[in-house]
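End of the sequence shown = 392 in our numbering, gap-free, step of one.
Okay, so here's the structure we're looking at.
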Amino acid sequence: MNLKTPKIMILYASYGDGHYQATKAIEACFHTRGIQNVISLDLMAEAHPFLNELTKFVYIQSFKTLPSVYGWVYNITKDMRPDTSILRMINSMGMRMLKEIIAKEEPDLIIHTFPQLAMPKLTKKTGLTLPLVNVVTDFDLHGRWVHPNVDRYYVATEDLKIEIIERGISSDRIVASGIPLGYDFGKPTTPHSDLLNKLDPTKKTVLLMAGAYGVVQGLRDICKSLISSQRHQVLVVCGRNQELFRGLHNMFEGCPDIHLYGYVNEVAQMMGVSDCIITKPGGITLSEALVSRLPLFLYRPVPGQELNNALYLKRKGIANIAYNAKQLTEQIEALWDNEDMITNLQIEIENLRKPEATEVIVNDILEQWFTPAGASAFSATQ
């Protein structure tokens, strides 16, 4: 293990954008610490490209057309243990290629931002003594994340830490760090003047994050409902969904209270000028909104980790869940009309937001394994 210039490997997957965003945030933070040798690897894409594309297609289609089936599968497998036959099979995927890559690259530590845990099986099979780290990117815990041979877990909340402890993992191996975000989040930002110039300071600004799998008709109804009160202006981020962008553009072209965007890099700045956010409840976007102190309105969460994320934040008094435009608008209007509700919501957000999550994770990794004391302690456990 090289204490001075360690080589870090991050294993992620491209099922949605969140795991990749977490990977890039961690990678960038290592770079700020002077550690340039960070390898990010989409293991399934490299090892099984056809199967990877097929499973991504099934994943996206299940979100769009069979959400209840996806949620059922997610929830019945949620408490799986790592020694079950199905998890052993899943975690063996990509193991041969991973073995070759590790032999070539010789990393000093492996980070998972997606629960494709080929590494624990590989270390057991080969006798490798690499430190293994899991960075959980949701507010909900699935059994795929938990393995006794993972050395450290970084999770969103203290509640998740307790869940992992209940699955038999020692508390000193779990850090309630928060979910890693890009550098812009939690830092003071100055919005571009062209963004500010578009906004009416007398109206509430609603940020609507449509995501890759947005439903055009549902979003049209939301926009029409929000602007009908003359109280709101809406920033609509369509991401890479060009069909969604075109559909909304055709309907709202010339409307001064609807501002459409495709894929944007300035999410932190847009959150900074907004009064609340409407979004699908992915772990990364939820964390970004919490760090930005935005009230959360979660629209039609898909059963599975999305719905579980949403229900967790609702129980915490931070989020509302809506299933149609009328219900959503009523929830938002009710918030603006209740100062006590706004105050209590902001208190709960402060209790949960973790703006330094990425730095906490990277600093802890460096302290645990890349100081003489940390390296010695790890060697003693092997």
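We put the CB at the ideal spot given by N, CA and C, even for glycine.
It should be emphasised that the depicted structure is a prediction, and the values quoted were computed from it without experimental measurement.
Using 8 Å as the threshold, is the C-beta distance between residue i and residue j below it?
i    : j    : result
L317 : L306 : no
G272 : C248 : yes
I189 : Y163 : no
F380 : P16  : yes
A32  : T123 : yes
E276 : L191 : no
G28  : I294 : yes
V156 : P92  : yes
Y80  : P291 : no
L151 : I174 : yes
M105 : L140 : no
I237 : D210 : no
M281 : R230 : no
K213 : R250 : no
K326 : E358 : yes
D52  : Q315 : no
G228 : R310 : yes
S235 : T339 : yes
So that I know if they touch, is there some Cβ in chain B lying closer than 8 Å to that of residue i?
i    : result
T167 : The chain inventory of the structure shown lacks chain B, comprising one protein chain alone.
Across which residues does DSSP place residue i in a beta bridge pair?
i    : result
M2   : Coverage of the chain is limited to positions 11 through 392, which leaves residue 2 absent and any answer about it impossible.
Q243 : T215
L308 : T289, I331
Y69  : The partner list for Y69 (beta bridge, DSSP) is empty, contrary to what the question assumes.
V143 : I121, R162
I184 : Y163
By how many angstroms is the C-alpha of residue j removed from the C-alpha of residue i?
i    : j    : result
L119 : V143 : 8 Å
L64  : N159 : 30 Å
F255 : L270 : 7 Å
L218 : K109 : 43 Å
V226 : Y25  : Only weak support is given to the placement of V226: the predicted model assigns it a pLDDT of 49, under 50, and the question is left unresolved by the model.
R177 : N101 : 18 Å
E56  : A320 : 33 Å
V274 : L245 : 12 Å
T215 : S284 : 5 Å
C286 : Q356 : 12 Å
I7   : S50  : Nothing can be reported for residue 7: it is not among the residues displayed for the chain, which extend from 11 to 392.
I184 : K134 : 21 Å
G137 : K171 : 28 Å
I18  : I45  : 9 Å
A23  : I112 : 18 Å
G153 : I96  : 12 Å
K368 : L61  : It should be pointed out that residue 368 corresponds to Thr in this sequence rather than to Lys. If you take the alpha carbons of T368 and L61, they lie about 31 Å apart.
F195 : P365 : 7 Å
D161 : Q378 : 10 Å
T42  : A166 : 23 Å
Q71  : H259 : 25 Å
L376 : I288 : 37 Å
Q337 : S239 : 14 Å
R98  : M54  : 15 Å
Y69  : T94  : 22 Å
I need the DSSP call for residue i, collapsed to helix, strand or coil.
i    : result
L206 : helix
Y163 : strand
V226 : For V226, the predicted structure reports a pLDDT of 49, less than 50, and the residue's modelled location is therefore unreliable. A value from the coordinates is still provided. Three-state result, V226: helix.
A32  : helix
C286 : strand
I331 : strand
L76  : coil
L191 : coil
Y322 : helix
I96  : helix
Y84  : helix
H269 : strand
E168 : helix
M102 : Note that residue 102 is Ser in the sequence shown, not Met. S102 falls in the helix class under three-state DSSP.
I294 : helix
R303 : coil
L236 : helix
Can residue i be considered in contact with the ligand SAH, in the sense that its beta carbon sits closer than 7 Å to one or more heavy atoms?
i   : result
T42 : With respect to small molecules bound, the structure shown includes none, and the ligand SAH cannot be examined in it.
Inter-stretch contact (C-beta, 8 Å, three-pair minimum) for the segment 319-333 and the segment 120-140: No: fewer than three Cβ pairs fall under 8 Å.
The segment 35-42 touching the segment 83-90, judged by at least three CB pairs closer than 8 Å: No, the segment 35-42 is not in contact with the segment 83-90.
Inter-stretch contact at 8 Å, needing at least 3 Cβ pairs: the segment 336-348 / the segment 295-311: A contact exists between the segment 336-348 and the segment 295-311.
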